[in-house]
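Protein chains in written order, with full-length UniProt numbering: chain A, 1 to 347; chain B, 1 to 347. C-beta: ideal position from N, C-alpha, C; glycine also.
Protein chains: 2
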Amino acid sequence: MAAARVRSGGRPTLEEVAARAGVGRGTASRVINGSPRVSAQTREAVEAAVAELGYVPNRAARALAGNRTDAIALVVPESETRFFAEPYFSDIVRGVGAALADTEMQLLLTLAGNDRERRRLAQYLTAHRVDGVLLVSVHADDPLPDLLEQLGMPSVISGRRHAAETLPSVDSDNFEGARAAVDHFIARGRRSIATITGRLDVYGAQRRLDGYRKAIASAGLDPDERLIAPADFSEESGARAMRELLARRPDVDAVFAASDVMAAGARQVLRESGRRIPDDVALIGFDDSAVARHMDPPLTSVRQPIEEMGRVMAAVLLQEIAQHHEGRTEERPRIVLPTELVIRESS
Amino acid sequence: MAAARVRSGGRPTLEEVAARAGVGRGTASRVINGSPRVSAQTREAVEAAVAELGYVPNRAARALAGNRTDAIALVVPESETRFFAEPYFSDIVRGVGAALADTEMQLLLTLAGNDRERRRLAQYLTAHRVDGVLLVSVHADDPLPDLLEQLGMPSVISGRRHAAETLPSVDSDNFEGARAAVDHFIARGRRSIATITGRLDVYGAQRRLDGYRKAIASAGLDPDERLIAPADFSEESGARAMRELLARRPDVDAVFAASDVMAAGARQVLRESGRRIPDDVALIGFDDSAVARHMDPPLTSVRQPIEEMGRVMAAVLLQEIAQHHEGRTEERPRIVLPTELVIRESS
DNA sequence: ACACTTCTTGGGAGCGCTCCCAAGACTACG
DNA sequence: CGTAGTCTTGGGAGCGCTCCCAAGAAGTGT
Chain A
1 MAAARVRSGG
11 RPTLEEVAAR
21 AGVGRGTASR
31 VINGSPRVSA
41 QTREAVEAAV
51 AELGYVPNRA
61 ARALAGNRTD
71 AIALVVPESE
81 TRFFAEPYFS
91 DIVRGVGAAL
101 ADTEMQLLLT
111 LAGNDRERRR
121 LAQYLTAHRV
131 DGVLLVSVHA
141 DDPLPDLLEQ
151 LGMPSVISGR
161 RHAAETLPSV
171 DSDNFEGARA
181 AVDHFIARGR
191 RSIATITGRL
201 DVYGAQRRLD
211 GYRKAIASAG
221 LDPDERLIAP
231 ADFSEESGAR
241 AMRELLARRP
251 DVDAVFAASD
261 VMAAGARQVL
271 RESGRRIPDD
281 VALIGFDDSA
291 VARHMDPPLT
301 SVRQPIEEMG
311 RVMAAVLLQE
321 IAQHHEGRTE
331 ERPRIVLPTE
341 LVIRESS
Chain B
1 MAAARVRSGG
11 RPTLEEVAAR
21 AGVGRGTASR
31 VINGSPRVSA
41 QTREAVEAAV
51 AELGYVPNRA
61 ARALAGNRTD
71 AIALVVPESE
81 TRFFAEPYFS
91 DIVRGVGAAL
101 ADTEMQLLLT
111 LAGNDRERRR
121 LAQYLTAHRV
131 DGVLLVSVHA
141 DDPLPDLLEQ
151 LGMPSVISGR
161 RHAAETLPSV
171 DSDNFEGARA
181 AVDHFIARGR
191 RSIATITGRL
201 DVYGAQRRLD
211 GYRKAIASAG
221 LDPDERLIAP
231 ADFSEESGAR
241 AMRELLARRP
251 DVDAVFAASD
261 VMAAGARQVL
271 RESGRRIPDD
281 VALIGFDDSA
291 VARHMDPPLT
301 SVRQPIEEMG
311 RVMAAVLLQE
321 IAQHHEGRTE
331 ERPRIVLPTE
341 LVIRESS
């Protein structure tokens, strides 16, 4: 009979469940939404009906009536190929997925290209499309975060745009990660320690440079600016930076690159210059990506807990959404997760 | 005034747009949905009103009234870490995203764990949640594809479950890819050509083995079964397989691994055994992943057009959905995209 | 036994849109 | 100039659910 109904066209509605359980629509709704104001007996009857009919609430109707969507968006800048190249993306998604697993919340994936597109996106996201937004890999002058904030859309950002980030954020400890890398060099007796930075308009890259400087200063080493070579996260830029470094300070005996990919570029140049790793020059990267594990020699690297970042971002967002519904506005969580130096043979 | 309305709580509704344009709700709807049965003049008026009010249709209402969702789901087995390790996932997503970019279609990401969960998932997906489903990395005995098929949910599968796949599918040419790799060995004078296979319950892995066999046979080489070592796509299994190969046929002078990661494992073992690559043993992988590019020496590998697979999958799905709405059922597209041998220094 | 609370419960109203019917405006043709 | 289309157009009905009010049931205190 239940089968007959399913077959006969539509899926069962709340009304049908209620009829089957011999209660009113309102009561059935209460049971399904876990309201406490229902007698145990009634609850059982409704639950039985739900099971028999294989009832699943219609999301659209819920969204329309309840003015919410039970969906959040993960906004990813598709332009950032660098972002996709790393397992970063998959790990974030896995973390977010895990946090959402036993929720009714759906995950919407949005690839936003240029800034114009992102501006339009804000419109769409707020047009009752999602309850909240996860922003990933945002650059300093991205218009989207501010737009979302103005529009009152609960959002969480991975990393930060700058030191005074206003949105709730989840970041890894870039500063301490970099510092740990350089401290490791120092502990092993390296003295001419260089760094290859990422794009410094990315806050995380700046923090890595800060960590490098701090470690150098703390150790009382000579903070030579010629040991700092700017790059842009790409392999090629890493190679170029390494060449500059070698030209300016041929005595360099350690290099901290702000990404594994740049470290790979540097390694190439070091090898071409006849230097051995780690004997002549020690090398450390950042990200602990597949590239690090498979490099020759395997690359020491600073690991970020990406999957956990995803999980925490989702958790924070769910909380923001709940507060938003209740009209409250608490403090903006600004979470920093620890990094870890994974020591391999390059250092 | 428009601003006042927006500020005053809700976003503008169709009704408001209609009022502003001085037309009826039905007419406004027609304009917004691009119906041709509207006079040019009216169309303009409505479009102006839409622009002025910044109107964006309410998805939930649309879905409820129109009995569709304008959303598709990308179902990913989260268990398959192997899947996530590769850039595979990101590339598929990028391709799907590109195909959906100028559509109203939303992309839902669903991480489905075990089979029980996937069974439940079928329920949810069909409960008016999405218009179609993209299945990625499906193993032979996954219950989900059949469930979706029974429930009449438009679906597209990446790869195939077996030769007689019934769902619309988009696959890369594993057979020809493998064959090209082995032909390349043969052209360079290799004679004792081994292969390390993936899990043979994965159709693609089987096809790669078939391609290997075919190439060996076509060249009139001796098809020695001892040159075939089964593995499971993991690096460790690749290393193990390589050891077996070396033990059985120490004269092996070429190895085709069915994945880059397994090739990495094999490389390790070859190096430990004192063999040089490619001088003593040539090596080819599959996937053309970051691992291949950064291996030492850089690994020759068979490239699959992953991003394009994503794009094509989405396109096929959109078509299936359209047919579904019109009640038609055409042929099930079964698309195979070409692979490409990317020659580097390992062969 | 009576007046009050407190629990449960049913069901109307309404969320914003699409579908579709019927009516009005026009055009064409005999 | 009338009649039969053909275009446009307005707006009722209804999608399935949540919210909320009012009413009935049950329990409390005196």
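Residue i burial status per 10 Å Cβ neighbour count (16 or more: buried)
i: Arg267 (chain B); result: buried
i: Pro12 (chain B); result: buried
i: Gly132 (chain A); result: buried
i: Ser90 (chain A); result: buried
i: Glu307 (chain A); result: buried
i: Ile157 (chain A); result: buried
i: Ile193 (chain B); result: buried
i: Asp201 (chain B); result: exposed
i: Ala18 (chain A); result: buried
i: Ala3 (chain A); result: Residue confidence for Ala3 (chain A) is low, a pLDDT of 32 falling below 50, so the modelled location carries little weight and cannot support an answer.
i: Glu251 (chain A); result: One detail in the question is off: residue 251 (chain A) reads as Asp in this sequence, not Glu. Exposed is the call here.
i: Ser273 (chain A); result: exposed
i: Arg160 (chain B); result: buried
i: Thr27 (chain A); result: buried
Same chain only: Cβ atoms within 7 Å of residue i, ignoring 5 sequence neighbours per side
i: Arg199 (chain B); result: Ala205, Asp232, Phe233
i: Arg243 (chain B); result: Val269
i: Glu331 (chain B); result: none
i: Gly9 (chain B); result: Confidence at Gly9 (chain B) is low in this model, with a pLDDT of 47, below 50, so its placement is unreliable and no value can be given for it.
Which of helix, strand or coil DSSP assigns to residue i
i: Ile216 (chain B); result: helix
i: Val56 (chain B); result: coil
i: Arg303 (chain B); result: strand
i: Pro230 (chain B); result: strand
i: Arg332 (chain A); result: coil
i: Glu44 (chain B); result: helix
i: Glu340 (chain B); result: strand
i: Asp171 (chain A); result: strand
i: Val156 (chain A); result: strand
i: Leu221 (chain A); result: coil
i: Gly113 (chain A); result: coil
i: Ile193 (chain A); result: strand
i: Gly132 (chain A); result: strand
i: Ala101 (chain B); result: coil
i: Ala19 (chain B); result: helix
i: residue 350 (chain A); result: The first residue shown for chain A is 1 and the last is 347, placing residue 350 (chain A) beyond what the model contains.
i: Val316 (chain B); result: helix
i: Gly327 (chain B); result: coil
i: Leu151 (chain B); result: coil
i: Gly310 (chain B); result: helix
i: Val50 (chain B); result: helix
i: Ile92 (chain A); result: helix
Contact set for residue i: own chain, Cβ-Cβ below 8 Å, skip 5 residues either direction
i: Met1 (chain A); result: With a pLDDT of only 34 at Met1 (chain A), under the threshold of 50, the placement of this residue in the model should not be trusted; the figure read from the coordinates follows. Closer than 8 Å at Cβ, skipping near neighbours: no residue.
Nonlocal neighbours in the same chain, by C-beta distance under 6 Å from residue i, ignoring five residues either side
i: Arg119 (chain B); result: Pro143
i: Ala292 (chain B); result: Asp260, Gly285, Leu299, Ser301
i: Val342 (chain A); result: Asp288, Ser301, Arg303
i: Ala21 (chain A); result: Ala45, Val46, Ala49
i: Val336 (chain A); result: Asp171, Asp173
i: Ser347 (chain A); result: Pro278, Ala282, Ile284, Thr300
i: Glu78 (chain A); result: Leu111, Gly113
i: Ala180 (chain A); result: Leu341
i: Thr126 (chain A); result: Leu151, Met153
Three Cβ pairs or more, each shorter than 8 Å: is that satisfied between the segment 98-108 of chain A and the segment 164-178 of chain A? no
Any contact between the segment 277-290 of chain B and the segment 62-75 of chain B? By contact I mean 3 or more CB pairs, one from each, below 8 Å. no
Looking at chain B, which residues of the segment 262-275 of chain A have a Cβ within less than 8 Å of any of its Cβ atoms? Ala264
Examine the Cβ distances between the segment 41-53 of chain B and the segment 44-59 of chain A and report whether three or more of them are shorter than 8 Å. no
Report yes or no: do three or more beta-carbon pairs, one from the segment 179-196 of chain A and one from the segment 142-160 of chain A, lie closer than 8 Å? no
Residues in the segment 291-309 of chain A having any Cβ partner in chain B nearer than 8 Å: Val291, His294, Met295, Asp296
So, does the segment 32-40 of chain A touch the segment 22-36 of chain B, judging by three or more C-beta pairs under 8 Å? no
The segment 89-117 of chain B: which residues have C-beta closer than 7 Å to a C-beta of chain A, in chain order? Phe89, Ser90, Val93, Arg94, Gly97, Gln106, Leu107, Leu108, Leu109, Leu111
What are the residues of the segment 319-337 of chain A that lie near chain B, defined by any Cβ-Cβ distance shorter than 7 Å? none
Please list the residues of the segment 40-60 of chain B that have a C-beta atom closer than 9 Å to any C-beta atom in chain A, keeping them in chain order. Gly54, Tyr55, Val56, Pro57, Asn58, Arg59, Ala60
Within 8 Å of chain B by C-beta, residues of the segment 114-143 of chain A in sequence order: Gln123, Tyr124, Thr126, Ala127, His128, Arg129
Can you find at least 3 beta carbon pairs, one from the segment 92-104 of chain B and one from the segment 308-318 of chain B, that sit closer than 8 Å? yes
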